[in-house]
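Visitor:
Protein chains: 2
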Amino acid sequence: MAKTADRKKKVDCLSRMMAVRDALDVINGKWKLMILISISDGNSRFREIERSIPKINSKVLAKELKDLEEHQLIKRTVIDGYPVLIEYTATDYVMSLEKVMDSLYDWGVNHRKKIFAK
Amino acid sequence: MAKTADRKKKVDCLSRMMAVRDALDVINGKWKLMILISISDGNSRFREIERSIPKINSKVLAKELKDLEEHQLIKRTVIDGYPVLIEYTATDYVMSLEKVMDSLYDWGVNHRKKIFAK
DNA sequence: GTAAGCAGTTACCTAAAAGTAAGCACAATG
DNA sequence: CATTGTGCTTACTTTTAGGTAACTGCTTAC
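Those protein sequences? They're chains A and B, same order as listed.
Counting from 1, one number per residue, gives the positions in the first sequence under the numbering used here.
Counting from 1, one number per residue, gives the positions in the second sequence under the numbering used here.
1) Could you tell me the alpha carbon to alpha carbon distance between residue 97 of chain A and residue 44 of chain A, rounded to whole angstroms?
2) How many angstroms separate the CA atom of residue 84 of chain A from the CA atom of residue 66 of chain A?
3) Among the candidates A/78, A/82, A/24, A/73, whose CA atom is the shortest distance from the CA of residue 92 of chain A?
4) Would you say the stretch 57 to 64 of chain A touches the stretch 28 to 38 of chain B, given that touching needs at least three Cβ pairs under 8 Å?
5) Which residues in chain B sit within 8 Å of residue 20 of chain A, going by Cβ to Cβ distance?
6) When the cut-off is 9 Å and only beta carbons count, does residue 111 of chain A lie next to chain B?
7) Between residue 75 of chain B and residue 69 of chain B, what straight-line distance do the alpha-carbon atoms span, to the nearest angstrom?
8) If the criterion is Cβ atoms closer than 9 Å, does the pair residue 89 of chain B and residue 56 of chain B meet it?
9) What first and last residue would you give for the alpha helix (DSSP H) that runs through residue 35 of chain A?
10) Quick check on residue 68 of chain B - is its C-beta less than 9 Å from some C-beta in chain A?
11) Note down the Cα distance separating residue 79 of chain A from residue 37 of chain A, rounded to an integer number of angstroms.
12) So for residue 73 of chain A, helix, strand or coil by DSSP?
13) When you compare the CB positions of residue 108 of chain A and residue 19 of chain B, do they come within less than 9 Å of one another, or not?
14) Residues in its own chain within less than 7 Å of residue 1 of chain B by CB, not counting five upstream and five downstream?
15) Between residue 64 of chain B and residue 35 of chain B, what straight-line distance do the alpha-carbon atoms span, to the nearest angstrom?
16) Go ahead and label residue 82 of chain B buried or exposed: buried means 16 or more other beta carbons lie within 10 angstroms of its beta carbon, across all protein chains shown.
17) For residue 96 of chain B, which residues in chain A fall below 7 Å Cβ to Cβ?
18) Verify the CB distance criterion: does residue 63 of chain B have a CB-CB separation below 9 Å to chain A?
19) What is the DSSP secondary structure of residue 82 of chain A, counted as helix, strand or coil?
20) For chain A, check one thing: does any of its Cβ atoms lie closer than 9 Å to the Cβ of residue 52 of chain B?
21) Does the distance from the C-beta atom of residue 41 of chain A to that of residue 12 of chain B stay below 9 Å?
As structure tokens, then:
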């Protein structure tokens, strides 16, 4: 293979890695996708989300919600009244993650099958 | 909504979370997907893979390669001779991750565009 | 004869992620 | 009148992931 082609290949490989890394930086960790699934599923209150995700705790949830809001994947709305209520909702941008979540779901289901088949 | 429907919804939400979690357990961390990309791209020797991934170090690479082998995503082959050579190759099972990697790639590219657009 | 390459391992250290437990101020519920 | 629920925060500890540097034994190239 020519050197230029070789260099091109390396760049392709690198840029693929970088894009995947960019994506992972946003959705990494144990909790982010779980929270997005929960909210997309209709859970909107802090406690509600907390209860819907086994083993999560409020400190972690609060931190992750902030991260997700920064990345514009969820919206935090304050509803005045006594007591003040907070509502978390999925933004349109979450839709762009659909393929990622679906493919992860499919693969997870399949992988579990594979493991238990042994 | 009826209680049974409510319960069903909860179960669906939970099982979706669990499958996604199962998938993440296998490919999480900074390095696993990068390594898979590198090997799929044709890098097969330890040092070759190491050089292809910016900032990785041999301790981490060795550990991740073991993990990936356990999950049957790569194969480690010993080639006798002096010195003994080792070859890492992607298994067929990696193909099943194609959708996951592609969707992450697409999303990463798009997300980066979005960020720099501001 | 020394440097670099092969495929890692070892011991040690740091940083980041995650978990624990308690508490805030106020309201409605039992 | 004690408990529960609201949406978190704080201080602290543990766990995990990741990073650094040096070294192995043997080979080929400079």
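Note that the Cβ used here is the ideal one computed from N, Cα and C, for glycine as well.
All values reported here derive from a predicted model rather than from experimental measurement.
Guide: Judging by the given coordinates:
1) Locating residue 97 of chain A in the first sequence gives position 97, counting from the first residue. Locating residue 44 of chain A in the first sequence gives position 44, counting from the first residue. Going by the C-alpha atoms only, they are around 19 Å apart.
2) In the first sequence, residue 84 of chain A corresponds to position 84, counting from 1. In the first sequence, residue 66 of chain A corresponds to position 66, counting from 1. Using only the alpha carbons, I get a separation of about 18 Å.
3) To locate residue 92 of chain A, count along the first sequence from 1; it is residue 92. The shortest Cα separation from residue 92 of chain A among A/78, A/82, A/24, A/73 belongs to A/73.
4) no
5) The count along the first sequence starts at 1 and reaches residue 20 of chain A at position 20. Within chain B, the residues near residue 20 of chain A are 33, 34, 37, 101, 104, 105, 108.
6) Sequence index remark: in the first sequence, residue 111 of chain A carries index 111 (1-based). So yes, residue 111 of chain A belongs to the interface.
7) For this step, residue 75 of chain B is matched to residue 75 along the second sequence. For this step, residue 69 of chain B is matched to residue 69 along the second sequence. Taking C-alpha positions only, residue 75 of chain B is separated from residue 69 of chain B by approximately 6 Å.
8) For the purposes of this step, residue 89 of chain B is identified with residue 89 of the second sequence, where counting begins at 1. For the purposes of this step, residue 56 of chain B is identified with residue 56 of the second sequence, where counting begins at 1. Cβ atoms of residue 89 of chain B and residue 56 of chain B: not closer than 9 Å.
9) As a working note, residue 35 of chain A is residue 35 in the first sequence. If you look at residue 35 of chain A, you'll find it in the alpha helix (DSSP H) that goes 32 to 40.
10) On the second sequence, position 68 is the one that residue 68 of chain B refers to. It does not; no Cβ of chain A falls within 9 Å.
11) To locate residue 79 of chain A, count along the first sequence from 1; it is residue 79. To locate residue 37 of chain A, count along the first sequence from 1; it is residue 37. Computed Cα separation, rounded: 23 Å.
12) Your numbering for residue 73 of chain A matches position 73 in the first sequence. If DSSP states are grouped into helix, strand and coil, residue 73 of chain A belongs with coil.
13) Your numbering for residue 108 of chain A matches position 108 in the first sequence. Your numbering for residue 19 of chain B matches position 19 in the second sequence. Yes, the Cβ-Cβ distance between residue 108 of chain A and residue 19 of chain B is below 9 Å.
14) Walking along the second sequence from the start, residue 1 of chain B turns up at place 1. Residue placement at residue 1 of chain B is poorly supported in this model, since its pLDDT is 49, which falls under 50; the coordinates are not used for a value here.
15) Numbered from its first residue, the second sequence carries residue 64 of chain B at position 64. Numbered from its first residue, the second sequence carries residue 35 of chain B at position 35. If you take the alpha carbons of residue 64 of chain B and residue 35 of chain B, they lie about 8 Å apart.
16) Position 82 of the second sequence, counted from the start, is the residue given in the question as residue 82 of chain B. Exposed: under 16 other Cβ atoms inside 10 Å.
17) By one-based count along the second sequence, residue 96 of chain B stands at place 96. Correct list: 107, 110.
18) Reading the second sequence from its first residue, position 63 is the one you call residue 63 of chain B. Judged by the 9 Å Cβ criterion, residue 63 of chain B is not in contact with chain A.
19) Working through the first sequence from its first residue, we reach residue 82 of chain A at position 82. Residue state, collapsed to three classes: coil.
20) Here residue 52 of chain B refers to the residue found at position 52 of the second sequence. Taking Cβ atoms only, chain A reaches closer than 9 Å to residue 52 of chain B, which makes this a yes.
21) If you number the first sequence from 1, residue 41 of chain A lands on position 41. If you number the second sequence from 1, residue 12 of chain B lands on position 12. Against a cut-off of 9 Å, the Cβ pair of residue 12 of chain B and residue 41 of chain A comes out as a contact.
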